[in-house]
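S.K.: Count along the sequence shown starting at 1, add 33, and that's the number in the working numbering.
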Amino acid sequence: VNFLIIAWRGFNGNKGKPTEEGLYDDARSAIRWLNNKGISEEDIILYGESLGTGVVTEVAQNKNFAGIILEAPFTSMIDVGQDKYPILPVRFLLKDKYESNKKIQNIKSPILIMHGEVDNIVPFYMGKKMYELANEPKYFYFSEYDNHMMNYDEKLLKALKNFIYSLN
């Protein structure tokens, strides 16, 4: 497996602002770059972690990627904000909403959803909800002890390998 890791605008000294639309553009640009190198969507597995799951969910809609991996996915940024700040009108305050729960049904590619049950940033129930909303074929790896940054131990690596091998 070869991989391409991109650096998002506005992160780690990169120019630009990390807006929802801007990050979607970054992801689409990376996919176009791969396509221009002769790599088709059918040969690409998109992998998003945390905020990246919102980006992957957007760009994977109505496409034919080899597979989709979402690590610590949230239903929407509105839901995350409401969970953290229940008395604020988050829906009206947020500009970037990342409403993945409204988009995941448009993903037709095989999908693996991974989430730690003790995630203190993105509540575990959101990962479970995203799994419930996903189309078949779908797989999950839920870890009883992992927090937001999942531990790449033997069990998680086995889940990733099994998913990737299932795509052939």
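Think of the CB as a built atom: it goes at the ideal place given N, C-alpha and C, for glycine as much as any other residue.
(1) What do you reckon, are the CB atoms on residue 181 and residue 154 nearer than 8 Å?
(2) Report yes if the C-beta distance between residue 149 and residue 110 is below 8 Å; otherwise report no.
(3) Can you give me the Cβ contacts of residue 138 inside the same chain, cut-off strictly under 7 Å, excluding the 5 residues immediately before and after it?
(4) Going by alpha carbons, who is nearest to residue 55 out of 87, 95, 36?
(5) Using DSSP's beta-bridge definition, name the partner residues of residue 73.
(6) Within 10 angstroms of the Cβ of residue 134, are there 16 or more other Cβ atoms? Answer buried if so, exposed if not.
(7) To which residues of the same chain is residue 152 closer than 8 Å at the C-beta, ignoring the five residues directly before and after it?
(8) According to DSSP, is residue 62 part of a helix, a strand, or is it coil?
(9) What span of residues does the alpha helix (DSSP H) with residue 46 cover, start to end?
(10) Using the rule of at least 16 other Cβ atoms within 10 Å of the residue's Cβ for burial, across every protein chain shown, is residue 119 buried or exposed?
(11) Tell me whether residue 92 counts as near the ligand HEM, meaning its Cβ is closer than 7 Å to at least one heavy atom of that ligand.
(12) From residue 125 to residue 116, what distance separates their C-alpha atoms?
(13) Would you mind working out which of 72, 43, 188, 141 sits nearest residue 96, comparing C-alpha positions?
(14) Skipping 5 residues on each side, what residues in its chain have a beta carbon closer than 8 Å to that of residue 68?
(15) According to DSSP, residue 82 sits in a beta bridge with which residue or residues?
(16) Looking only at its own chain, which residues have a Cβ that is under 6 Å from the Cβ of residue 102, when we skip the five neighbours before and after it?
(17) Which same chain residues end up closer than 7 Å to residue 41 when comparing Cβ atoms and leaving out the 5 residues on each side of it in sequence?
(18) So what does residue 174 bridge to, in DSSP terms?
M.R.: Straight from the coordinates:
(1) The residue labelled residue 181 in the question sits at position 148 within the sequence shown. The residue labelled residue 154 in the question sits at position 121 within the sequence shown. Yes, the pair counts as a contact, with Cβ atoms nearer than the cut-off.
(2) Stepping through the sequence shown from its first residue, residue 149 is reached at position 116. Stepping through the sequence shown from its first residue, residue 110 is reached at position 77. Their beta carbons are not under 8 Å apart, which means residue 149 does not touch residue 110 by this criterion.
(3) What you label residue 138 is simply residue 105 of the sequence shown in a count that begins at 1. 166, 168, listed in sequence order.
(4) As a working note, residue 55 is residue 22 in the sequence shown. Of 87, 95, 36, the residue nearest in Cα terms is 87.
(5) For the purposes of this step, residue 73 is taken as the residue at position 40 of the sequence shown. Beta-bridge pairing links residue 73 to no other residue.
(6) Here residue 134 is taken as the residue at index 101 of the sequence shown, counted from 1. Under this definition residue 134 is a buried residue.
(7) Locating residue 152 in the sequence shown gives position 119, where the first residue counts as 1. Excluding positions up to five away in sequence, the list reads 105, 160, 179, 180, 181.
(8) Position 29 of the sequence shown, counted from the start, is the residue given in the question as residue 62. Residue state, collapsed to three classes: helix.
(9) Counting from one through the sequence shown, the residue named residue 46 turns up at place 13. Note, residue 46: premise wrong, no alpha helix (DSSP H); not H, not E.
(10) Along the sequence shown, one-based indexing puts residue 119 at 86. Label assigned to residue 119: exposed.
(11) Questions concerning the ligand HEM fall outside what the structure shown contains, since it holds no ligand whatsoever.
(12) Along the sequence shown, read from residue 1 onward, the residue named residue 125 stands at position 92. Along the sequence shown, read from residue 1 onward, the residue named residue 116 stands at position 83. The alpha-carbon atoms of residue 125 and residue 116 are separated by roughly 15 Å.
(13) Position 63 of the sequence shown, counted from the start, is the residue given in the question as residue 96. Checking every option, the nearest Cα to that of residue 96 belongs to 141.
(14) Locating residue 68 in the sequence shown gives position 35, where the first residue counts as 1. The residues are 74.
(15) The residue given as residue 82 occupies position 49 in the sequence shown. Its beta-bridge partners are 104.
(16) Counted from its first residue, the sequence shown places residue 102 at position 69. Here the set comprises 80, 145.
(17) Here the question's residue 41 lines up with position 8 in the sequence shown. Result list for residue 41: 47, 51, 56, 59, in chain order.
(18) Here residue 174 is taken as the residue at index 141 of the sequence shown, counted from 1. Residue 174 pairs with 147.
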